[in-house]
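Chains as they are written, first to last, in my numbering: chain E, 1 to 413; chain B, 1001 to 1413.
C-beta: ideal position from N, C-alpha, C; glycine also.
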């Protein structure tokens, strides 16, 4: 029976689908499945002792403020800490260039609210991050998908996309979710130049930038944009909105992320946040600041890098051993994901069904392609499972792939 | 200089104004001002010891889960606890009738996203809660304002409003923000019946329901609706979306609230939340559950009631003594606010300027009237300031009012 509410949904609801990632996460709850589907950090690297100390210090010394309503922009000492870190590794900014958000997903949502009118085009990499598509579908976005390879977006194909007058370019330059690829320095420069030439701004999403396991750190788009414009300190006012998060450095259960943008944009984002949820939990901001303020994050990121590098290496080694020769995959230099490519014509959703019977899971790649395609691809997470489970899971997946690809090869017309 | 982003805002931005409440909150940061402007709970009632114990228990026993990504619906034991409480005091519901939100403001925002198309009419009390207007202005809502008196919305004037085909009715039946008024039982029944007659659903916002300092608890609209429909247990599927929060029972800095709705509506709200911020901070949900699970909230609410009753009584007593005879005000039975009414023609914004010179603050009432009016009214908070500051602040405000009303009386044509 319909409730009185149910025939009253706004028109925009008709476009909302369920979340593939969220539905798949339910699989990870079955304890006997080895899941490479989720995008979860390893719980083994959560700094529990430091959290416990920080909670105690904050409640003892600043309980009245940490549990009270606070300003929409975010806790100022936390924004100062982020600004210092950003100025060290990327472009020089002040706390007025920063808004604290309840996770990066909220940053994506706010960018959609602020900039997307129904029917607007957004340039994305293909494949691209599913959470961004979910956030922006709600505002009626359409997508121009620029193909990517192991060096990220193929920038030579960007110019044609920019001629169509998109609202902005969405880029994940480091260890991209889902593909694990990293945009080369040459392509970064070209991307920034083309964006400037066509007057199209850039949203740079960088949740994993510090999680590099080999090679040299590459400058962010916001840093290159700043260099390109000859910008020299003070308040950043360039062409890039940059996003990052504590979800991978500390813990996702805090829901703490941030947006870096020109001050005028931050002011509009603050108004958006006022109407959306007043402010991000003050307690969490105080605790994150307390955990991070003594330089702990620089130390801790080394623990995370060592842990994830080992898992990536075990996974790649097992894939070399167990996967059939028709299978290709990326060898990411950082982050949490790698990308599997099966021969054309094989459907990863069908493979997943067999895989689940064999108690192993991944995410079929089609969902990461806003305009279709990618049915033969898959996203595989290496950060969450312990090495022994990665060995067992990749063995199971190898058996699955051999079975399906062999059957497929036989059954093909 | 405009950044490349700044000419790209979506059309909806043009309607966004700055928040009067947020701007005024900045005044409360000046340490020498006694502010009755904010809507803040008393920090003296935050249960710091219980939070500290709960943080320690959660991090020791469930750290890996409490710091990890979690389900969008919210932590199930917390939803079970809320469902039990709701079933005891109001209508019987299950955890599937509940979505945990990042504060009630997020609940208001999601309701706007889900149900409001540009130009839709919403029936509100006049005055009504400013945060709801801010949330729904972003979706292009228009308002039909039904006048209210000390017994809440004048329901006799509701029927005419319902004939205009509004999307829903927004009601704050208990100790309303801003006026402090409570909807009488007779009017509650009439409201529920009229809503059913015209097929218009109700959003019931109840942040203060448990903070009653005198008189008997009145049944919520959701309970009356359920009674009216002869609903008998299981999953609630009636005409009301009900909202409440931990901001006033525990602490607002956690950003924890909840929506009760028919299961089909909760499912759509869950999809909305997936796209908006994935889920509310897991850590905060675990901690709130740990604080609340042994029955602590029932005990703690008595501490809050005693504290706020004293502050309300001191404020009313001082107003009786210090305010000029032309001034009227409400005597709320609970909540955090009372409502001052000056003679017609006096502008509360002008009074505020004088008040700030005298180091005391309130919120001018006009902002709570979506269609204009109320310039001679003011919202005064009694929960935040300690009794000695209430005495001093009301003395200052009395002097201010006498000065302005006297001058005004002389200066009037």
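is_contact[residue i, chain B] using C-beta, thresh 8 Å
i	result
residue 254 of chain E	yes
residue 69 of chain E	yes
residue 59 of chain E	yes
residue 245 of chain E	no
residue 266 of chain E	no
residue 10 of chain E	yes
residue 105 of chain E	yes
residue 3 of chain E	yes
residue 221 of chain E	no
residue 309 of chain E	no
residue 171 of chain E	no
residue 464 of chain E	Not covered by the structure: residue 464 of chain E. The range shown for chain E is 1 to 413.
residue 86 of chain E	no
residue 453 of chain E	It is not possible to answer for residue 453 of chain E, since the shown part of chain E is limited to 1 through 413.
Reduced DSSP secondary structure (H/G/I, E/B, other) of residue i
i	result
residue 1212 of chain B	strand
residue 98 of chain E	strand
residue 1361 of chain B	strand
residue 1339 of chain B	strand
residue 378 of chain E	strand
residue 1018 of chain B	Because residue 1018 of chain B sits at a pLDDT of 49, beneath the cut-off of 50, its placement in the model cannot be relied upon, and the following sentence gives the value as read from the coordinates. Coil, per DSSP.
residue 1176 of chain B	coil
residue 1276 of chain B	helix
residue 1404 of chain B	helix
residue 1385 of chain B	coil
residue 1044 of chain B	helix
residue 1154 of chain B	coil
residue 147 of chain E	strand
residue 1142 of chain B	strand
residue 136 of chain E	helix
residue 1081 of chain B	helix
residue 306 of chain E	helix
residue 941 of chain B	This structure leaves residue 941 of chain B out entirely; chain B is present only between 1001 and 1413.
Interface flag, residue i vs chain E, CB-CB below 8 Å
i	result
residue 1201 of chain B	yes
residue 1097 of chain B	no
residue 1368 of chain B	no
residue 1080 of chain B	no
residue 1062 of chain B	no
residue 1251 of chain B	yes
residue 1420 of chain B	Here chain B comprises residues numbered 1001 to 1413, so residue 1420 of chain B is not present and cannot be evaluated.
residue 1006 of chain B	yes
residue 1295 of chain B	no
residue 1226 of chain B	no
residue 1090 of chain B	no
residue 1055 of chain B	yes
residue 1262 of chain B	yes
Cβ-based burial, residue i [other Cβ within 10 Å; buried from 16]
i	result
residue 147 of chain E	exposed
residue 210 of chain E	buried
residue 30 of chain E	exposed
residue 205 of chain E	buried
residue 1069 of chain B	buried
residue 275 of chain E	buried
residue 1161 of chain B	buried
residue 270 of chain E	buried
residue 248 of chain E	buried
Sequence-distant residues of the same chain with beta carbon closer than 6 Å to residue i, five excluded per side
i	result
residue 1312 of chain B	1382
residue 1139 of chain B	1112, 1116
residue 1223 of chain B	1090, 1091
residue 343 of chain E	326
residue 1405 of chain B	1324, 1326
residue 1226 of chain B	1091, 1238
Own chain, CB closer than 7 Å to residue i, minus 5 neighbours either side, in chain order
i	result
residue 340 of chain E	327, 329, 377, 378, 380
residue 1021 of chain B	Interpretation of residue 1021 of chain B is limited by its pLDDT of 49, a score under 50 that renders its predicted location unreliable; the figure taken from the coordinates is listed afterwards. Contacts found: 1130, 1363.
Residues of its chain near residue i, where Cβ-Cβ distance is below 8 Å and the 5 sequence neighbours each way are ignored
i	result
residue 392 of chain E	34
Proximity test, Cβ basis, 8 Å: residue i and chain A
i	result
residue 174 of chain E	Of the protein chains in the structure, E and B, none is chain A.
- Message: Closer than 7 Å between beta carbons: that is the criterion. Which residues of the segment 1030-1049 of chain B meet it against chain E?
- Response: 1040, 1043, 1046, 1048
Tell me which residues of the segment 1318-1349 of chain B have at least one Cβ-Cβ distance to chain E shorter than 9 Å, keeping chain order.
none
Item to complete: Return the residues of the segment 368-393 of chain E that lie within a Cβ-Cβ distance of less than 7 Å from chain B, sorted by chain order.
Response: none
Against chain B, which members of the segment 151-167 of chain E pass a CB distance test of less than 9 Å? 167
Chain-ordered residues of the segment 1206-1220 of chain B with a beta carbon less than 9 Å from chain E | none
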